[in-house]
Amino acid sequence: MAEATPVMQIPPLDNTFGAAFVGMVAAATLHGVSCVQTLYYYTHQADEWPTKLLVGAVMLFDTIHQALITHTVYTYVITNWGKPEILGKIVQSLVIEVLFNGLTALLVQSFLTMRVWKLSNKSIILTGLISLFVIGEFVVVVVFTAIALGFETFLELKKLEALSRTVNALAAAGDVLIAVALCVILHRSRTGFHRSDSMINRLIVFAVNTGVLTSLCAVASLISISVSGDTFIYIGFFFCIGRLYTNSLLATLNARKMIRGASDPVHTTSDFSFSLRDLPKNGTAASVPGKKSAQNISIKIDTTQEFATDQDSERGDDKMREAVSAFSPFTKG
1 MAEATPVMQI
11 PPLDNTFGAA
21 FVGMVAAATL
31 HGVSCVQTLY
41 YYTHQADEWP
51 TKLLVGAVML
61 FDTIHQALIT
71 HTVYTYVITN
81 WGKPEILGKI
91 VQSLVIEVLF
101 NGLTALLVQS
111 FLTMRVWKLS
121 NKSIILTGLI
131 SLFVIGEFVV
141 VVVFTAIALG
151 FETFLELKKL
161 EALSRTVNAL
171 AAAGDVLIAV
181 ALCVILHRSR
191 TGFHRSDSMI
201 NRLIVFAVNT
211 GVLTSLCAVA
221 SLISISVSGD
231 TFIYIGFFFC
241 IGRLYTNSLL
251 ATLNARKMIR
261 GASDPVHTTS
271 DFSFSLRDLP
281 KNGTAASVPG
291 KKSAQNISIK
301 IDTTQEFATD
311 QDSERGDDKM
321 REAVSAFSPF
331 TKG
C-alpha cells in the first residue's frame with residue numbers, strides 16, 4: 001500500500017497577511033477619500049500650474065501604490081491560495097510599493113517644507129534642517145528598494161530591518177519638525193487683532209493636523225517592526241502612510257477658502273415689523289363710533305450690526321496674506 005503524501009499545513013495568517021490585508025483595505029478607503037478631495041480641488045481651486053501638477057503627481061503615485069499593494073495581497077491570498085511554500089517568497093510588487101510610498105512622502109513633505117521656507121522669511125538654516133530629514137528619508141527608501149529587489153525570501157528581507165526602522169524614524173521626525181516649525185512661526189505672527197489672530201489660530205490647527213496623523217502612523221510602523229518584526233503588522237501601517245500624506249496635502253489646499261472666509265467681517269441683519277392697529281387710539285377716526293377702522297400700516301425696520309474688525313489694519317492684513325500664501329508655495333510673493 002502506497003504511503004500518503006504529507007500535506008503541508010498553512011500557518012496562521014492573522015498577524016502576517018491578515019495584517020497586510022487590513023492595511024490594504026484601509027489604504028483603499030483613504031484612497032477613495034483622496035479621489036473625492038482631488039475632484040473638489042480641480043473643480044473649486046484656481047491655483048497656478050505647478051500646484052496643480054503637484055496634486056496630479058501625488059495622486060498618480062498614490063494610485064500606483066494602491067495597485068501594487070492590492071496586487072501583493074491578491075497574489076498571496078488568492079492566486080497562491082493553498083500553497084504554503086509561496087508564503088515565504090517575496091512578490092516584487094511588495095518591494096516596488098515602498099518606492100512609490102517614498103515618492104508620495106517626498107512630494108508632500110517638500111511642499112510643506114516650502115511653506116516653512118516662506119513663513120520663516122526664507123530661513124536657510126531651518127529649511128535646510130527639515131530638508132535633511134526629507135531627502136534622507138527618500139535616499140534610504142531608494143537604497144532599501146534597490147537592495148530588496150535582489151532578494152527572494154522574507155528571511156533575506158529581514159536583513160534590511162534596520163533600514164525599515166530608519167525610514168519610519170526619519171518620516172516621523174520630519175513630520176514633527178515641520179509641524180512644530182509651522183506652529184512656532186505662525187504663533188509669532190500673531191498681531192493682537194481678532195481677525196488676523198483668528199485666522200492664524202486656524203492655520204496652526206491645520207499645521208498640527210498635517211503632521212500628526214502621518215507621524216503617528218510612522219511611529220506605529222516603527223514600534224511594530226521593533227517589537228514584532230516577525231509579523232507584517234508594520235506593513236499594514238506602512239501601506240497607509242502615503243494615503244495620509246495625500247489627504248493631508250489635499251485637505252490643506254481645499255481648506256484655504258474656508259480659512260479666508262472665517263476671517264472676514266461678520267454682518268448680521270435682523271428685521272421686525274409692527275402694525276399701527278396695535279397702537280393706542282386717542283382722538284382718531286378709529287375711535288369714532290360707526291366709522292371703519294383706519295387701514296393697518298406695517299412698518300418694517302431693518303437693522304444691520306457690523307462687528308469691528310482690523311480690516312483697516314495694514315499690518316494684520318499683511319500677516320494674513322503672508323500666512324495664507326504659504327498654503328500655495330508656488331505662487332509669487
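Quick note on UniProt numbering: the sequence shown kicks off at 1 and runs consecutively. A virtual CB, placed ideally from N, CA and C, is assigned to each residue, including glycine.
Only residues of its own chain outside the window of five on either side were considered, and among them 165 have a CB closer than 8 Å to the CB of residue 226, listed in chain order.
When DSSP states are grouped into helix, strand and coil, residue 89 belongs to the strand group.
By the neighbour-count definition (other C-beta atoms within 10 Å, threshold 16), residue 118 is a buried residue.
Of the candidates 70, 60, 65 and 51, the residue whose Cα lies closest to the Cα of residue 17 is 70. In this structure, residue 36 keeps its C-beta atom at 7 Å or more from the C-beta atom of residue 236.
Taking all protein chains in view, the Cβ of residue 258 is surrounded by fewer than 16 other Cβ atoms within 10 Å, so the residue is classified as exposed. Each of 182, 162 and 13 was checked against the Cα of residue 77, and the nearest Cα belongs to 13.
Boundaries of the alpha helix (DSSP H) harbouring residue 243: 233 to 254, taken from the DSSP string. Remark: C-beta atoms of residue 94 and residue 63 do not approach each other more closely than 7 Å.
Ranked by Cα distance from residue 90, the first of 150, 15, 250 and 137 is 150. Bounds of the alpha helix (DSSP H) holding residue 201 are 194 to 227. Counting the other Cβ atoms within 10 Å of the Cβ of residue 210 gives 16 or more, which makes it buried. Restricting attention to 191, 82, 50 and 100, the CA atom closest to the CA of residue 238 is found in 100.
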